[in-house]
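Sequential numbering from 10 applies to the sequence shown in the numbering used here.
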Amino acid sequence: MTTLSRLLLNAALGLATTLCVPTQAVAEACGAPATAIHTIQGSGSASPMVGQTVTVEGILTRDSRHKGGFGGFYLQQADAETDQNPATSEALFIYTRQAAGKPGQRLRLTGIVKEYHGLTELVDVGKLTVCGEGKMPRPIEVSLPWSQPPESLENMRVRFAAPLTVIDHYNLALYGELTLAAADQVMPTEYLAPGPAAVRQARNNHQHRVFLDDGLAVRNPDPVPWPPGGLDGRNTVRAGDTVSQLQGVLDFRFGQWRVQPDRQPVFKASNERPQPPGRSDGVHLRVVTLNLENYFNGNGQGAGFPTARGAESLAAFQDQSQRLVAALTLPDPDILAVTELENDGYGPDSAVAELAAQLGAEWRFVATPGDDGSDAIRSALLYRTDRATPVGEASRQPSEPMGRPPLAQMFQARHGDQVVRIVVTHLKSKSCRNASGKDSDQKDGQGCFNHRRSQATETMLDWLGSLPAPATLAGTLITGDLNSYAQEDPVQVLYRQGFTSLVHHFHPCQPDHCPNHSYRYRGEKGTLDYALASASLMPHVTHAQTWNINADEPRALGYDQPPRIPVSGPWRSSDHNPVITDIRLPSP
């Protein structure tokens, strides 16, 4: 009787029916014929055998069946069994909870080929046999930029021949990962005009990276795995540091190529924390510019947390404050130009009043009550009364479309009668939330709201042109967070009107050397924060630089980030680096 006839008969009789249809080939004995892994992988981006049942035999190279792991292990063909074709990978991920086997052993198993978000693996693993001890496959030596397409090395053991540079640690505490490249990467529109060339360079930057992972599929690993010894306020890993002796399995997860290391890589502090910049005796005015990353002080009386932005508790605010005070005072400034300060007036409980009090008794702030705009944050100017004197009335630009009007104030140094007009501004970010029309991403490398930033810059220049210019005015310094890289349209507007980016003037940014950056985004560094001098002020500027205390530090060290790691000093006081400008005015 055929199987079908039996089924029909049982159904007619109302009998329970069990259909035994084999879904997998039997693994059979170790050493019997098996499908070569390079045949399963093929030479393309996906396996040509997806959905087929196969039997494979190889060496277990890395086990990820532990708690918090990926639920399987990596199996690689023995060196003598490879096809010597550099276009085909010799390894698979085996998705199974079966416990048999350990690294270095030869296994035989049967499963179904699957592409899981770009990772070639076997699933529905049936019989799994340990065939005995094997010889671990030698790691393939690779380099960045990729010496061969990473797809051809998927799931295989690799060793990076040269040290790699840490370029991003945004998800270090969240997922236990670091982004590495052959060298530090610069935002393309920092040195290339927006357009096809900049877009190509951005794509090239992103293609030639690898993630150093922690072998876990969990959020918020405890402890944070990198650097060795555990991340804390002193044992940091900065972007620009290097990692050598990196060896492990090349994995593809969450859209990125990753190394799951099988030994501890070596970290080197190649980008050490810098000392505060010294101040020359000939400097008459030192201006320090910093985005405060949402300085909100609750109700100003030690309560009222959390607020709309900034610190979630009084303790977090106190942590933020001590770091910012160190960041703002250690360079020994006369004037502070700050952004992302709570817009809550000028009373004794206001954020700007608290900041001035934290800085010291000699500090005062510039007030423009009623003209500070409608946004939750504003820009501000503070000054040391023993070194700088405000001249004339402060002014806010009227009718600023973002509700964050720029602030202008003339200052006189104590030595003479010449004055400098300081203008602090904060242009709209590149975030695409609510962007439409000309403000949407034009796919030229400038992000969203570039049109609005350009318009705001032009409007600001028109407003500045309407302000009184006394005979003693030495020039104008425009400073703040422009949310634009150096070759982007808003900065070019300023260049065309005769302004010079001072940090770029003293420290030109090149594709392979750009140490005076102010921000880092998704592994690329560049300038968002500026000090721009008018043509008349340029002869009086002696130097400008950034102080790299924030952008290269892990986000996990921030005052507002779990796991709330204590930090003493200025480190990661914000997500932006301060800009420091030194001015020497003419003698009377």
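For glycine and all other residues, C-beta sits at the position ideal for the given N, C-alpha and C. All of these numbers come straight from a predicted model, not from anything done at the bench.
(Q) For the ligand ADP, I want to know if Gln427 counts as a neighbour, meaning its beta carbon is within less than 6 Å of at least one of the ligand's heavy atoms. (A) Among the components modelled here there is no ligand, and therefore nothing to report on the ligand ADP.
Q: With distances taken Cα to Cα, identify the nearest neighbour of Gly77 among Gly224, Pro159 and His215.
A: Gly224
(Q) Going by the DSSP bridge assignment, what does Thr590 pair with across the sheet? (A) Val296 and Ala553
Q.
Rounded to the nearest angstrom, what separates Thr62 and Leu173 at their Cα positions?
A. 39 Å
Q) With which residues is Leu416 paired in a DSSP beta bridge? A) Arg405 and Val433
Q | Entirely enclosed alpha helix (DSSP H) segments - the segment 313 to 394, minimum 4 residues | A | 323 to 338 and 360 to 368
Q) Excluding five sequence neighbours on each side, which residues of the same chain lie with their C-beta closer than 7 Å to the C-beta of Arg184? A) Residue identity check: residue 184 is Tyr in the sequence provided, not Arg. Hits under 7 Å: Arg228.
**Q.** Simplified DSSP assignment, three categories, for Val233
**A.** coil
Q: With Gly474 as the anchor, note down where its alpha helix (DSSP H) starts and where it stops.
A: Asn459 to Gly474
Q) Does DSSP put Ile46 in a helix, in a strand, or in coil? A) helix
Q. Is it true that the CB of Glu497 sits closer than 7 Å to the CB of Thr198?
A. yes
Q) Out of Thr129, His293, Leu546 and Glu533, which has the shortest C-alpha to C-alpha gap to Asp561? A) Glu533
Q. Of all the options Ala480, Ala495 and Met196, which has the alpha carbon lying nearest to the alpha carbon of Leu541?
A. Ala495
Q) Can the beta-carbon of Ile589 be found less than 7 Å from the beta-carbon of His549? A) no
Q) Cβ atoms of Leu294 and Asp343: under 7 Å apart, would you say? A) yes
Q. Between which two residues does the alpha helix (DSSP H) harbouring Gln216 extend?
A. Pro205 to Gln216
Q) Are there 16 or more other CB atoms within 10 angstroms of the CB of Ser583, so buried, or fewer, so exposed? A) buried
(Q) Once DSSP output is grouped into helix, strand and coil, what is the label at Leu181? (A) helix
Q) Exposed or buried, Gly356, counting other C-beta atoms within 10 Å across all chains shown (16 or more means buried)? A) exposed
Q) For Gly578, which of Gln331, Ala483 and Glu142 has the nearest alpha-carbon? A) Gln331
Q: In angstroms with no decimal places, state the Cα-to-Cα distance between Thr270 and Pro415.
A: It is Pro, not Thr, that sits at residue 270 in the sequence shown. Between Pro270 and Pro415, the C-alpha separation is close to 50 Å.
(Q) Less than 7 Å between the C-beta atoms of Tyr528 and Gln329, yes or no? (A) no
Q: Output the distance between the C-alpha atoms of Ala365 and Ser463, rounded to the nearest integer angstrom.
A: 32 Å
Q: Taking 7 Å as the cut-off, decide whether the C-beta atoms of Ala565 and Leu181 are in contact.
A: yes
(Q) Please return the same chain residues whose Cβ sits closer than 6 Å to the Cβ of Leu22, not counting the five positions on each side in sequence. (A) At Leu22 the pLDDT is 30, less than 50, meaning the model places this residue with poor confidence; the figure from the coordinates comes in the next sentence. Closer than 6 Å at the Cβ level, and outside the excluded window around Leu22, lies no residue.
Q) Does DSSP put Gln501 in a helix, a strand or coil? A) helix
Q | Assumed close pair Val292, Thr551 - CB separation to whole angstroms, cut-off 8 Å | A | 6 Å
Q. So, Thr465 versus Leu503, is the Cβ gap smaller than 7 Å?
A. According to the sequence provided, residue 465 is Ala. The question's Thr does not apply to it. Cβ atoms of Ala465 and Leu503: not closer than 7 Å.
Q) Exposed or buried, which one is Thr394 when buried takes at least 16 other CB atoms within 10 Å? A) exposed
Q.
Whether or not the segment 467 to 476 and the segment 405 to 420 are in contact is what I'm after, with contact meaning three or more pairs of Cβ atoms, one per stretch, closer than 8 Å; do they touch?
A. yes
Q: Enumerate, from N- to C-terminal direction, the unbroken beta strand (DSSP E) stretches of 3 or more residues contained entirely within the segment 524 to 578.
A: 528 to 530, 533 to 535, 538 to 542 and 550 to 555
Q | Gln33 in three-state terms, based on DSSP | A | In this predicted model, Gln33 has a pLDDT of only 48, less than 50, meaning its place in the structure is not dependable; the value taken from the coordinates is given anyway. It is coil, neither helix nor strand.
Q. Terminal residues of the continuous beta strand (DSSP E) containing Val134?
A. Unbroken run through Val134: none, as it is neither H nor E.
Q | Assigned secondary structure, Thr97 (DSSP; H/G/I helix, E/B strand, else coil) | A | coil
(Q) Rounding to the nearest angstrom, what Cα-Cα distance links Ser545 and Ser596 in this structure? (A) 16 Å
**Q.** Cutoff 7 Å; reference Met469; Cβ partners in own chain excluding five residues on either side
**A.** Gln406, Pro415 and Thr434
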